[in-house]
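What follows is a short report on a single structure.
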């Protein structure tokens, strides 16, 4: 637990993955949809999640090292470690009785969501990728998000930097200093997944994805 205030109706629980207890937020009823967050992690319950929860069971697990994800990223040394941890986290968050789910991956989470869909096709019913990382075109290399001044990442990650800044600001009830340390830790975790330029070799595995993808 990180002391943050959750939106009304959102349940919080913990699951054991990668040798640590990782936070899971959940709201709504219906077919499950797993959301893997992007840079900054799940700092708060967003309007996007709330809209999905109107008709679906929305499950938002915290990736290792991101807010709610403890320091589990320190145990993940290879990209395969990250893929396995993401898969284990998604299935544990969904529940033992769930055989398939829709999967949303945002930014960093998009890179891992695509890997899950590629390597475990029966798990993913439908795949939704929002500004995903994981690919690199040598003719137009992606922007190096790790080579910017602290606090300016949002200028390059989204159309409205002010909204990104508001998203990762310390939530109500959180210690501001501890929260800032947590955001730095989340950036470290993202770097472990994407370093140096986001090319994770995903292009070699895209053909394995059979789920309808948006």
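In the working numbering, the protein residues as written are 1101 to 1314.
Even for Gly, the Cβ is constructed at its ideal location relative to N, Cα and C.
These numbers were taken from a predicted model, which means no experiment stands behind them.
According to the DSSP assignment, residue 1148 belongs to the alpha helix (DSSP H) that extends over 1147-1152. Residue environment: residue 1182 is assigned as buried (16 or more neighbouring CB atoms within 10 Å of its CB, all protein chains considered). The bridge partners DSSP lists for residue 1215 come to none.
Nearest neighbour of residue 1151 by Cα position, chosen from 1167, 1126 and 1170, turns out to be 1126. Look at residue 1272 here: in three-state DSSP terms it is coil, with no helix or strand label.
Residue 1232 is positioned such that its CB atom lies no closer than 9 Å to that of residue 1308. Taking residue 1107 as the centre and dropping the five residues before and after it, the same chain places the C-beta of 1145 closer than 6 Å to its C-beta, in chain order. Beyond the five residues adjoining it in sequence on each side, residue 1141 comes within less than 8 Å, by CB distance, of 1162, 1163, 1166, 1167, 1168, 1169 and 1286 in the same chain, given in chain order.
Close CB contacts of residue 1206 within its chain, under the 6 Å cut and outside five residues either way in sequence, are with 1137, 1138 and 1230 (chain order).
Annotated three-state conformation of residue 1201 is strand, per DSSP. The Cβ-Cβ distance between residue 1117 and residue 1196 does not fall below 9 Å. For residue 1143 against residue 1267, the beta-carbon gap comes to about 6 Å, under 8 Å, which counts as contact. Within the DSSP secondary-structure output, residue 1313 pairs in a beta bridge with 1227.
Here the alpha carbons of residue 1258 and residue 1245 stand approximately 12 Å from one another.
The stretch 1152-1200 contains, as complete beta strand (DSSP E) runs of 3+ residues, the segments 1157-1161 (chain order).
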